[in-house]
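Input: a single structure, listed below in structure tokens.
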Amino acid sequence: MNEEERVCRRCLLIESGKDGIMLDIRKRIENLSEEEKSSAGVYDSRLAVCKNCDYLVGGTCMKCGCYPEFRAAFRKQRCPANKWS
Ligand code: SF4
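My numbering puts the first residue of the sequence shown at 5, with every later residue one more than the last.
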């Protein structure tokens with residue numbers, strides 16, 4: 005396995021070189037209403053938890069198959085393992 009094929013454990017999408025997916029996610033987040041969207045502080049704290057979670061592999065949550073960088077943007081979403089406070 006060469007360097008490019010390695011899966012980055014505990015990396016978010018933005019750190020995994022999956023720029024196309026991240027760009028799409030950013031656009032989708034921009035289109036959320038303020039009512040739907042979590043605050044910047046909540047978003048960042050959720051992703052900090054994901055960064056230390058064993059379920060995060062290459063920007064995907066292996067507990068539920070979501071992209072945490074997208075899921076965390078929704079105020080009403082919850083971590084599938086109840087790790088977000
Ligand atoms: S289980 Fe929760 S904390 Fe872990 S990666 Fe998934 S969403 Fe993040």
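Ideal Cβ placement from N, Cα and C applies to all residues, glycine included.
query                                                                                                                                              : result
Buried or exposed for GLY45, please, with buried defined as at least 16 other CB atoms from any protein chain shown within 10 angstroms of its CB. : exposed
Report the rounded CA-to-CA distance for GLU39 versus LEU27, giving the unit in angstroms.                                                         : 22 Å
Cβ of ARG79 versus every heavy atom of the ligand SF4: is any distance shorter than 7 Å?                                                           : no
Is it the case that the CB of TYR71 approaches a heavy atom of the ligand SF4 more closely than 7 Å?                                               : no
Which residue's Cα is closest to the Cα of ILE33: LYS22, TRP88, ALA85, GLU73?                                                                      : GLU73
Under DSSP, the alpha helix (DSSP H) around VAL46 begins and ends at which residues?                                                               : 44-55
State the DSSP-derived secondary structure class of LYS41, mapped to helix, strand or coil.                                                        : strand
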